[in-house]
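*Asks:* First, the structure itself, so that you have it in front of you.
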Amino acid sequence: MPLPPDGLLTLTPQGLYCPAAEAWIDPWRPVPRALLTHAHADHARPGSGRYWAVASSEGILRRRLGSGIALLPVEYGQRLRIGGARVSFHSAGHVLGSAQILVEAGGERWLVSGDYKRCADPSCEAFAPVTADVCITEATFALPIYRWRPGREVAAEVLAWWRSAPDRPSLLFAYAFGKAQRLLAELALLGVADEILLHGAVEALMDPYREAGVQLPPTRPLTSVARGESLAGRLVIAPPAAQHSPWMQRFRRPQTAFVSGWMAVRGARRRRGVERGFVLSDHADWPGLLQTVRETGARQVYVTHGQSDSLSRYLREHEGVAAEALEGDFVVERGDVERGDADRADADHGDAGNADLLPVV
Amino acid sequence: MQTFCRLYEQLDCTTATGGRVRLLTAYFAAAAPVDAAWALHCLLGRQRRRLITGRRLREICLEGCGLPAWLVDDCHAQVGDSAETVALLWNRQRPDPTASRAALPLHVWMEQILPPLATVARGDQGEGPSQAAAVHDLWCELAPAELLVVNKLLTGGFRVGVGPGLVLQALAAFSGLEVSLLQHRLMGGFVPSSMAWRDLLAPAGAGGSAASSPYPFFLASPLPSPAAGGAPLPGSPDGWLVEWKWDGIRGQLIHRAGQTFLWSRGEELINPAFPELVAAAAAHLPAGTVLDGEVLVWPAGATQPAPFHQLQRRLGRKAPGARLLADCPAVFVAYDLLEMDGDDWRERPLGQRRAGLEALLPAAAAETTDGPGCRLRLSPALALAFWDDLECLRRQAAAAGAEGLMLKDLGSPYRAGRRRGSWWKHKREPHTLDAVLLYAQAGSGRRANLYTDYTFGLWDGDPAADGGPQLVPFAKAYSGLDDGEIRELDRWIRRHTRERFGPVRAVEPLQVFELAFEGLQPSSRHRSGIAVRFPRIARWRRDKPAAEADSLASARALLEVSPDAG
Ligand SMILES: [Zn+2]
Ligand SMILES: [Zn+2]
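Just so you know, the sequences run in chain order H and F.
96 is the number that the working numbering gives to position 96 of the first sequence; each next residue is one higher, with no gaps.
431 is the number that the working numbering gives to position 431 of the second sequence; each next residue is one higher, with no gaps.
Here you go:
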């Protein structure tokens, strides 16, 4: 289902386009003007002329897209005039500096949710509900089998798992941007003050979080630990792509775990080849998606990413909302965890384009 | 029950073999004998009886969870398992521990709590509201992790990802008995009870096994392709017994103490389905004989066995009628002698066992007699003088009605399970056809967001006729592409969808794939009139335009024709 040709937003080969602002939202290819919801690689791609994004994401965006990009930092809630449209960014609760983007023109309000979640996350700003006439929402985890428990409970399980193996290294795989810092922030709230070791891809993103005032336990890059020094009893956080790389040779008999919303399903964990799966996601779960769509009050909803057919049908048949799946090159964040999913920059392959900007460890 | 659920959870999050063996050993040591017996039964995947089907379990969940049926189906497609889908969807209120039956021992669950759920409310109003109510009551007493295990026990699909080999290894470590002895004692029916547990773990040499008890089957491994110019196997072909690989069902035929038993490899007693074989064994085998061989349908006078689908008509038929017995007569083609005069011959070299077998079943008798003797045949030894002739011999398999060749080391004992080195199978090349992709459906589990289940069609009809030839659905295939190709095809499918029927997309008929399969059989249930055995994708034929894909006529030419059908 395409967007109507006369709407505030249309779909072009470059991605979601706002004719009034002459700007694209999270474009798939280089464009003159790009409005970014957040700095994950499937949303923020290099090569565009000028970028607008939330100020707290600037540090990460410059690390990922290049320090010289033309970036205009925006505050949450600030209404910008871009061309003939009013554009504002509202917190999405997904990762540091993530936003929903609201476009207003001709008396209509269109909201692009980007990636978002409703659960508390001490590493980023909380989700802010926004009303709109038309809403474009993600649907990564849009099935009722996905219902999240509070992050603090999951972090307490991670902590118990780590403490249960004082004689082995505990190796935790988590997306380098967002998930890793959320876990660290939750561990700090649980009183963890031990130094935690980080893979280079995670370490590279810590400064922006510290600059934003997020409370974190002390961390140190694994590379600074002398070879031969025992890693028994240490917690190491690494991106998923490290799991099948020579980097693993560093560890003797590690216990391994993966942190992701996909871990809710046993099969996904077994295929991942880790011992433990901790269910923690930076996307909205089923109740969170429904709540959000209701709160926008939108008369028309378009659904992208993942289970778009299931969510749009449910909204139509059970919530009485006009809803359609929107087809396009939205990168579906797949349950197939063998490819780095949510944050493809964490994976060592290239659709996302900027994997080469990550430090190599 | 809770202890068993904990074992399940712990096994589920331990990948190291040593750790799993320790968990199992600790469980066996701590459990009461009757509970250990039930746990073993479940862990070995022997819980065959399905108390409630997965579909029915989802229906029961549907009645209590307030979600539409299609959404529960979508969830099931994502999870790939009904028991787990329900465990994820059912309301997660914390159960009241004082009112829960979860603390009752495993055997009480297996013997008293779960079986009645299968039959409750049957008789008066069928599988109706009271079955649902009873299952709902039970679910409300269980924590999510327990719910998963109970659902798996109900649907009979209990798997922990721990293979039987590992479970037996743990049992051997726990009991101090050899794995092979445990395997033998477990063959042919282990009915969980404290007595059965004690018998299973009795010291070696104590107590005889039952007359019905079969030996564990020895399984062949696929012959690895030899290095260029090298021989496929060590030594000269003289050291190897070469036979056809028959396309029937593996069986063990036992005649002991005046009783006859025919076991399938799935450890099912198939006496009722093959009365003529049981009668022949009773009449012609000396007491204390155990044969390993293949059950086939082989009409009298035919030079080769009937295709597999004829044998399928006989399988699972409790009491075949005279007509079926005449249409699809069964034979047992013996290829090994495991017991002779009540002695276990498995340790003797194959050469000796083969000589014993030949003495028992004179080849000539099998071909000339028309009495029950012809039911028991000797699998012929094929002549192979040079390794260079191996491929030539293999190409003759199709004409002999066989699946390929078997190569067995004449000096080897009869082992248990799949052990590489002395038995090799060398299957004939599969058939292939080029077919056009017509429909795609999303996979399940890790492939749930990708279109990975494909339906392919072949051309049918006269090109000159009105509208020209049509593509007729012919085969479904799920495997054969690599991850990169799957992703690429998924993107192509999304952009070239013509129509959507629920989860299925009809695509533009443009992509051609080479399908490999084991055989084709006539079928009235398929629109193409053909049923395809083991179809898989051999290759993406990007070079081939759809118009050049194969036709239904070329597929019909490959049909396995029954000998009696001319
Ligand atoms: Zn994201
Ligand atoms: Zn995303």
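From the three backbone atoms N, C-alpha and C, an ideal C-beta is built for every residue, glycine too.
Source: prediction; values computed, not measured.
1. Does at least one heavy atom of ligand 2 sit under 8 Å from the Cβ of GLU275 (chain H)?
2. Does GLY161 (chain F) have its Cβ less than 9 Å from a Cβ in chain H?
3. Quick check on GLY293 (chain F): does DSSP put it in helix, strand or coil?
4. What would DSSP say about TRP52 (chain H), mapped onto helix, strand or coil?
5. For THR85 (chain F), which residues from the same chain have a beta carbon less than 6 Å from its beta carbon, with the 5 sequence-adjacent residues on both sides left out?
6. At which residues does the alpha helix (DSSP H) containing ASP199 (chain F) begin and terminate?
7. Kindly indicate the opening and closing residues of the alpha helix (DSSP H) around MET206 (chain H).
8. Compile a chain-ordered list of the residues in the stretch 309-323 of chain H whose CB is closer than 9 Å to at least one CB of chain F.
9. Does the beta-carbon distance from LEU280 (chain H) to TRP161 (chain H) come in below 9 Å?
10. Would GLY273 (chain H) and GLN243 (chain H) qualify as a contact pair, given that the criterion is a beta-carbon distance under 9 Å?
11. Any idea what DSSP makes of ILE145 (chain H), helix, strand or coil?
12. Looking only at DSSP bridge pairs, what is GLN127 (chain H) linked to?
13. For a contact defined as C-beta to C-beta under 7 Å, what are the partners of GLU275 (chain H) on chain F?
14. Cα-Cα, which of H:ALA44, H:SER260, H:SER113 and H:ARG45 is closest to VAL154 (chain H)?
15. Just checking: is the beta-carbon of ILE60 (chain H) within a distance shorter than 9 Å of some beta-carbon in chain F?
16. Considering GLY84 (chain H), what are the terminal residues of the alpha helix (DSSP H) in which it resides?
17. State the Cα-Cα distance for the pair TYR116 (chain H) and THR10 (chain H), rounded to the nearest angstrom.
18. Please tell me whether, using a cut-off of 8 Å, the distance from the CB of VAL293 (chain H) to the nearest non-hydrogen atom of ligand 1 is below it.
19. DSSP on ALA77 (chain F), reduced to helix/strand/coil?
20. Measuring only between beta-carbons, confirm whether PHE4 (chain F) sits less than 9 Å from chain H.
21. Mind checking which residues open and close the alpha helix (DSSP H) that includes ARG539 (chain F)?
22. Is the beta carbon of ILE82 (chain H) closer than 9 Å to that of ILE25 (chain H)?
23. Any beta carbon from chain F within less than 9 Å of GLY335 (chain H)'s own beta carbon?
24. Less than 7 Å between C-beta atoms, sequence neighbours within five positions excluded: which residues of the same chain meet that for LEU311 (chain H)?
25. From this set, F:CYS13, F:ARG525, F:SER100 and F:THR155, which residue's C-alpha is nearest CYS140 (chain F)'s C-alpha?
26. Please name the residue in F:LEU200, F:VAL295, F:ARG323 and F:ALA83 whose C-alpha comes closest to that of ALA37 (chain F).
27. Can you give the Cα-Cα distance for THR131 (chain H) and MET263 (chain H), rounded to whole angstroms?
28. Between GLY340 (chain H) and chain F, is any beta-carbon pair separated by less than 9 Å?
29. Is ASP341 (chain F) helix, strand or coil when you go by DSSP?
30. Is the beta carbon of SER98 (chain H) within less than 8 Å of some heavy atom of ligand 1?
31. Mind checking the stretch 139-155 of chain H against chain F and listing, in chain order, the residues whose C-beta falls within less than 7 Å of any C-beta there?
32. Can you pull the chain H residues whose beta carbon is under 8 Å from the beta carbon of LEU89 (chain F), in chain order?
33. Starting from LEU515 (chain F), follow its DSSP beta bridges and name the residues at the other end.
34. Got a sec, what are the start and stop residues for the beta strand (DSSP E) LYS318 (chain F) sits in?
35. Since LEU71 (chain F) meets chain H, which of its residues come closer than 7 Å, beta carbon to beta carbon?
36. Mind checking the stretch 494-507 of chain F against chain H and listing, in chain order, the residues whose C-beta falls within less than 7 Å of any C-beta there?
*Replies:* So, from the data block:
1. Not one heavy atom of ligand 2 lies closer than 8 Å to the C-beta of GLU275 (chain H).
2. Judged by the 9 Å Cβ criterion, GLY161 (chain F) is in contact with chain H.
3. Per DSSP, reduced to three states, the secondary structure at GLY293 (chain F) is strand.
4. Correct three-state label for TRP52 (chain H): strand.
5. Answer for THR85 (chain F): CYS75, HIS76 and VAL79, listed in chain order.
6. In the DSSP annotation of this structure, the continuous segment of the alpha helix (DSSP H) that includes ASP199 (chain F) starts and ends at 194-200.
7. From DSSP, the alpha helix (DSSP H) with MET206 (chain H) extends over 206-211.
8. Taking 9 Å as the Cβ-Cβ cut-off against chain F, the residues of the stretch 309-323 of chain H that qualify are ASP309, SER310, ARG313, TYR314, GLU317 and HIS318.
9. A distance of 9 Å or more separates the beta carbons of LEU280 (chain H) and TRP161 (chain H).
10. Yes, they are a contact pair.
11. Coil.
12. Note on residue identity: the sequence assigns Phe, not Gln, to residue 127 (chain H). Beta-bridge analysis with DSSP links PHE127 (chain H) to no other residue.
13. Near GLU275 (chain H) (Cβ distances below 7 Å), the residues of chain F are CYS13, THR14 and THR15.
14. Measuring from the Cα of VAL154 (chain H), the nearest candidate turns out to be H:SER260.
15. Any Cβ of chain F closer than 9 Å to the Cβ of ILE60 (chain H) would place that residue at the interface, and such an atom is absent.
16. Counting along the chain, GLY84 (chain H) falls outside any alpha helix (DSSP H), and DSSP gives it neither H nor E.
17. Straight across, the Cα-Cα distance linking TYR116 (chain H) with THR10 (chain H) is about 22 Å.
18. Not one heavy atom of ligand 1 falls within 8 Å of the beta-carbon of VAL293 (chain H).
19. Residue state, collapsed to three classes: helix.
20. No, PHE4 (chain F) lies away from the interface with chain H (no Cβ there is under 9 Å from its Cβ).
21. Careful: ARG539 (chain F) lies outside any alpha helix (DSSP H), inside the beta strand (DSSP E) at 536-540.
22. ILE25 (chain H) is not a Cβ neighbour of ILE82 (chain H), given a cutoff of 9 Å.
23. Because the pLDDT at GLY335 (chain H) is just 36, under 50, the model does not fix this residue reliably, and the point stays unresolved.
24. Scanning its chain for C-beta atoms nearer than 7 Å, with the 5 sequence neighbours on each side dropped, one finds around LEU311 (chain H) the residues ALA139, ALA142, LEU289 and VAL303, in chain order.
25. Considering only alpha carbons, the answer is F:SER100.
26. Looking only at F:LEU200, F:VAL295, F:ARG323 and F:ALA83, the smallest Cα-Cα distance to ALA37 (chain F) is reached by F:LEU200.
27. When rounded, the distance between both Cα atoms is 32 Å.
28. Because the pLDDT at GLY340 (chain H) is just 32, under 50, the model does not fix this residue reliably, and the value given afterwards should be weighed accordingly. No, GLY340 (chain H) lies away from the interface with chain F (no Cβ there is under 9 Å from its Cβ).
29. Residue state, collapsed to three classes: coil.
30. Checking every heavy atom of ligand 1 against the Cβ of SER98 (chain H), one is found closer than 8 Å.
31. Of all residues in the stretch 139-155 of chain H, LEU143, PRO144 and ILE145 have a Cβ within less than 7 Å of some Cβ in chain F.
32. What LEU89 (chain F) touches in chain H, judged by beta-carbon distance under 8 Å, is PRO144 and ILE145, going in chain order.
33. Partner(s): F:LEU433 and F:ILE537.
34. Annotation for LYS318 (chain F): no beta strand (DSSP E) segment contains it, and DSSP assigns it neither H nor E.
35. In chain order, PRO144, SER310 and TYR314 make up the part of chain H whose C-beta sits under 7 Å from the C-beta of LEU71 (chain F).
36. ARG494: these are the residues of the stretch 494-507 of chain F whose beta carbon lies less than 7 Å from some beta carbon of chain H, given in chain order.
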